Every structure is written in structure tokens, then in C-alpha cells.
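J.: Numbering (our numbering), first residue to last: 290 to 667.
Positions of the beta carbon are idealized from the N, C-alpha and C atoms, including for glycine.
Nothing here was measured: the structure is a model prediction, and the numbers come from that model.
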């Protein structure tokens with residue numbers, strides 16, 4: 290039997306990992322400054338709240354809005370209903386059936402790179418809430434008993450920062466099924482502690498958003514606390530064209546660059562993949578300018594253009610360099626489909642997706658599109 294050593298308090302070492310400004314102490318071990326933190330109400334933060342506070346994003350520092358995320362109206366409406374009412378209008382949950390069963394959170398699931406984190410930030414921004422980003426790395430600690438204290442600090446800090454969106458990214462690393470952790474009793478205790486604290490969230494003006502690429506790995510008790518499960522799917526052709534237009538709104542495009550053509554050729558590309566393509570195309574234009582400057586031999590210094598112009602050959606080079614991160618034969622995509630069929634929000638038959646790119650039952654993705662959900666041809 291392995292005995293875990295007890296972790297010595299960092300306050301016993303004589304080191305001061307915090308600095309104080311106007312009476313507010315914030316952990317700056319990771320380089321986070323006071324300017325990026327909103328004052329937590331009440332007494333000074335304890336040791337564990339200070340460590341969790343590194344994931345805090347002040348409402349004034351959030352800049353992502355729903356206009357920056359290409360998502361269908363149904364997705365935005367669903368998230369607004371779930372979060373804005375809970376955060377902005379807690380009085381709506383003070384009587385009737387909502388007083389008895391407040392929705393404690395929602396699940397964002399889908400392939401990687403489809404915009405789950407951006408949606409969570411947009412929700413916090415639009416609802417005027419602070420955001421607390423949590424991951425398994427910020428919770429898991431090698432010292433016995435420390436992770437449970439950090440988990441409790443997540444919810445006590447969320448209460449101080451209310452209204453607050455607690456965003457748990459890559460939740461499968463923190464809230465994996467306990468049946469998968471039979472040989473890791475300490476991790477099972479982490480989940481038990483999280484569920485215990487989560488059950489007390491009704492007393493807190495906070496909302497938990499859980500995001501994962503592997504929803505099928507989550508613990509059953511976690512899924513029960515997430516009655517709304519929102520699929521964030523791969524984009525359709527029309528969505529890819531809109532995403533490319535959104536990403537390139539600050540760039541100048543030559544007539545040889547056709548966004549509709551690139552949308553047609555990027556069937557398996559996620560929003561993140563499309564962003565990488567745009568960056569690679571812009572870098573190709575910059576590389577071309579630098580090469581022209583290196584070849585310049587005239588008496589006058591080389592003058593770079595005021596604004597770069599992206600041509601079709603820049604995008605061709607980018608598409609050769611940046612492949613899709615998703616493929617149809619990926620086991621994870623098949624398992625997401627299975628999970629969505631069993632647990633996804635909406636009617637089980639002819640269900641209406643609230644993922645990216647699909648607005649009504651007539652707009653399901655056809656077999657030619659790479660999607661979690663398929664249906665009649667467009």
C-alpha cells in the first residue's frame with residue numbers, strides 16, 4: 290500500500306507567493322497580475338482559493354460575444370435561457386417548480402476545436418458574469434487531501450465572484466466515471482467531493498458549464514446533474530464559409546481567393562482548423578513580402594505594403610500545410626455519435642440539433658458532410 294506524504298503548507302516556508310493591492314491578495318506565481326482580477330467579496334482569499342483564482346477571468350476582461358462565435362440561433366437561445374435566467378434573474382427560481390429543481394449546469398460536448406470554450410466565454414460576457422476556468426491540472430494534487438480542498442475552493446470562490454460561470458474544460462480528466470477508477474481510490478474521492486459541493490450550488494449565484502470531447506467517459510452522477518446536453522458539432526459548408534469570413538474580416542483578399550471554394554474543400558475541418566488555415570495563409574503572404582525584401586537591391590530601402598493581400602495561392606499553400614484534425618474513421622467521433630443518440634438534448638427521433646450549423650429539421654447534414662448528427666440531404 291502506497292502512503293502519500295502530507296503536503297507542507299506553502300505559508301510555512303516563509304515564501305510569499307502573493308502580493309497585496311488595496312487589500313486584495315492574488316496568487317501571482319503564474320504571472321497573473323491584479324489588473325486581471327476582480328475583487329472577491331468578503332474576507333481575504335484562503336490558500337486554496339488563491340490557487341484557484343489563477344483561472345478567474347474578470348467580466349471586464351471578457352471580450353468574446355456571441356457575434357464572435359458562429360453558432361445557430363437555437364444554440365445561443367438555449368444557453369441564454371439556461372444561464373442568463375439563472376445568473377441575472379435568480380428571482381425566477383424563487384418559487385414554483387424552478388425553486389425545487391434549479392438547473393445546476395449544462396454540458397457542451399462535441400469534437401475538438403468546435404468552439405466550446407468560446408461559447409462559454411460568450412455566455413459569461415453576455416450575461417455580465419465573471420468566469421472561473423477549471424481543468425483537471427488545476428485540481429489534481431499529489432498530496433493527500435489537497436485536491437478535495439481545491440475542489441471546495443472552486444465553489445466558495447464562485448460564491449464570492451457571483452454571478453459567476455464555472456467553466457470546467459476537458460471535464461473527462463476530472464470527472465471521469467468512477468467505474469474506470471477502481472484502482473485509483475483518491476480520484477474517486479475527488480469526484481465524490483465535487484458532487485457534494487455541486488449539490489450546494491443552489492445557494493450560489495453561479496452556473497456550471499462542463500465541456501468535453503469525450504462525454505461518454507463522464508461519471509453517471511455527473512451526467513444526471515447536467516440535464517441539458519448541448520452538442521457543438523462540426524460546421525457545415527455554409528458555416529465554414531461564414532467562419533472563414535469572420536476570421537478574415539481584418540484581411541484584404543484578392544479576387545483569386547474564393548471562400549466558398551475553400552468551404553467546399555474543408556469538409557472535415559473544425560473551427561479551430563479553419564483558423565489555422567487562415568493564419569497559415571497570412572503567414573505565407575508575410576513570408577513572400579520578406580523574400581521580396583531580401584531580394585531587393587535598389588538604392589532606396591524596401592517598402593513593405595501597408596496591408597498584405599491574401600491571394601488564392603496563399604490559401605492553397607495553407608491547405609496543403611494544415612490538414613483536418615478530425616477524420617471519419619476516428620473512434621472518438623463514432624463514440625460521440627453513440628452518446629448523442631442516447632443522451633443528446635432533443636427528441637430521440639428526427640431530433641433537432643443545437644450544435645453548430647443546423648437550424649431546423651430540414652437542415653440536417655447529408656452523408657457528404659462530416660458531422661456527429663446526420664440526416665436527409667441538404
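How should residue 501 be labelled, buried or exposed, when 16 other C-beta atoms within 10 angstroms of its C-beta is the threshold for buried?
T.: Numbered from 1 along the chain shown, position 212 holds the residue referred to as residue 501. Buried, by the Cβ-count rule.
J.: Label residue 487 either buried or exposed according to how many other C-beta atoms from any shown protein chain fall within 10 Å of its C-beta, with 16 as the threshold for buried.
T.: In the chain shown, residue 487 corresponds to position 198, counting from 1. When all chains shown are included, residue 487 counts as buried.
J.: Counting pairs of Cβ atoms below 8 Å between the stretch 455–473 and the stretch 506–517, do you hit three or more?
T.: Flag = yes, the stretch 455–473 and the stretch 506–517 touch.
J.: Sort 491, 445, 519, 434 by Cα distance to residue 474 and report the nearest one.
T.: Mapped onto the chain shown, residue 474 falls at position 185. Nearest of 491, 445, 519, 434 to residue 474, Cα basis: 434.
J.: Classify residue 585: buried if its beta carbon has 16 or more other beta carbons within 10 angstroms, exposed otherwise.
T.: Counted from its first residue, the chain shown places residue 585 at position 296. Exposed: under 16 other Cβ atoms inside 10 Å.
J.: Does residue 480 come out as helix, strand or coil in the three-state DSSP assignment?
T.: Your numbering for residue 480 matches position 191 in the chain shown. Here residue 480 sits in helix by DSSP.
J.: What are the start and end residues of each continuous alpha helix (DSSP H) run of 4 or more residues lying completely inside the stretch 334–411, in chain order?
T.: Runs found: 336–341, 362–368, 374–377, 385–389.
J.: Quick check on the DSSP output: the alpha helix (DSSP H) that includes residue 565 runs from which residue to which?
T.: To locate residue 565, count along the chain shown from 1; it is residue 276. Here the alpha helix (DSSP H) through residue 565 covers 560–584.
J.: Let's see if you can read the secondary structure: which residues bound the beta strand (DSSP E) around residue 517?
T.: Against the chain shown, residue 517 aligns to sequence position 228. Per DSSP, residue 517 belongs to the beta strand (DSSP E) from 517–520.
J.: Taking just the CA atoms, how far does residue 566 sit from residue 575?
T.: For the purposes of this step, residue 575 is taken as residue 286 along the chain shown, with counting starting at 1. For the purposes of this step, residue 566 is taken as residue 277 along the chain shown, with counting starting at 1. Each residue's Cα considered, the two are about 14 Å apart.
J.: For residue 415, which of 618, 423, 371, 382 has the nearest alpha-carbon?
T.: Counting from one through the chain shown, the residue named residue 415 turns up at place 126. Selected option, being the one with the closest Cα: 371.
J.: Could you confirm whether any beta carbon from chain C is found closer than 8 Å to the beta carbon of residue 343?
T.: Checking the listed chains, one finds no chain C in this structure; it contains a single protein chain.
J.: Rounding to the nearest angstrom, what Cα-Cα distance links residue 437 and residue 396 in this structure?
T.: In the chain shown, the residue the question calls residue 437 occupies position 148. In the chain shown, the residue the question calls residue 396 occupies position 107. Looking at the two C-alpha atoms, the distance is approximately 22 Å.
J.: For residue 555, which of helix, strand or coil comes out of DSSP?
T.: Counted from its first residue, the chain shown places residue 555 at position 266. Three-state result, residue 555: coil.
J.: Could you name the residues of the same chain whose beta carbon sits closer than 7 Å to that of residue 605, not counting the 5 residues immediately before and after it, in chain order?
T.: The residue labelled residue 605 in the question sits at position 316 within the chain shown. Around residue 605: no qualifying Cβ.
J.: For residue 621 versus residue 503, is the C-beta distance shorter than 8 Å?
T.: Taking the first residue of the chain shown as 1, we reach residue 621 at position 332. Taking the first residue of the chain shown as 1, we reach residue 503 at position 214. A contact, by the Cβ cut-off of 8 Å.
J.: Taking only the alpha-carbon atoms, compute the straight-line gap between residue 429 and residue 478 and give it to the nearest angstrom.
T.: Working through the chain shown from its first residue, we reach residue 429 at position 140. Working through the chain shown from its first residue, we reach residue 478 at position 189. Spanning the two alpha carbons is a distance of roughly 11 Å.
J.: For my contact list, residue 454 and residue 413 are in at a C-beta cut-off of 8 Å; report their separation, rounded to the angstrom.
T.: For the purposes of this step, residue 454 is taken as the residue at position 165 of the chain shown. For the purposes of this step, residue 413 is taken as the residue at position 124 of the chain shown. So it is a contact: roughly 4 Å between Cβ atoms.
J.: What residue from 334, 338, 579, 356 has the CA that sits closest to residue 538's CA?
T.: Locating residue 538 in the chain shown gives position 249, where the first residue counts as 1. Of 334, 338, 579, 356, the residue nearest in Cα terms is 356.
J.: Do residue 551 and residue 613 have their C-beta atoms closer together than 8 Å?
T.: As a working mapping, residue 551 is identified with position 262 in the chain shown. As a working mapping, residue 613 is identified with position 324 in the chain shown. Going by C-beta atoms, residue 551 is not nearer than 8 Å to residue 613.
J.: Between 572, 483, 590, which lies nearest to residue 597 when the distance is taken from Cα to Cα?
T.: In the chain shown, residue 597 corresponds to position 308, counting from 1. Nearest of 572, 483, 590 to residue 597, Cα basis: 572.
J.: Could you give the DSSP three-state label for residue 421: helix, strand or coil?
T.: Position 132 of the chain shown, counted from the first residue, corresponds to residue 421. It is a strand residue.
J.: Please go through the same chain and pick out, in chain order, the residues whose beta-carbon is closer than 6 Å to the beta-carbon of residue 368, but skip the five residues on each side of it.
T.: Along the chain shown, one-based indexing puts residue 368 at 79. These residues qualify, in order along the chain: 412.
J.: Rounding to the nearest angstrom, what Cα-Cα distance links residue 600 and residue 607 in this structure?
T.: Here residue 600 refers to the residue found at position 311 when the chain shown is read from its first residue. Here residue 607 refers to the residue found at position 318 when the chain shown is read from its first residue. Those two C-alpha atoms are separated by around 11 Å.
J.: Could you name the residues of the same chain whose beta carbon sits closer than 8 Å to that of residue 611, not counting the 5 residues immediately before and after it, in chain order?
T.: Working through the chain shown from its first residue, we reach residue 611 at position 322. Counting only Cβ-Cβ distances below 8 Å, and skipping sequence neighbours, we find 562, 565, 566, 569.
J.: Classify residue 342 as buried or exposed, calling it buried when 16 or more other Cβ atoms lie within 10 Å of its own Cβ.
T.: Residue 342 sits at position 53 when you count from the first residue of the chain shown. Buried: at least 16 other Cβ atoms inside 10 Å.
J.: How long is the line joining the alpha carbons of residue 459 and residue 521, rounded to whole angstroms?
T.: Working through the chain shown from its first residue, we reach residue 459 at position 170. Working through the chain shown from its first residue, we reach residue 521 at position 232. Approximately 14 Å, taken between the alpha carbons.
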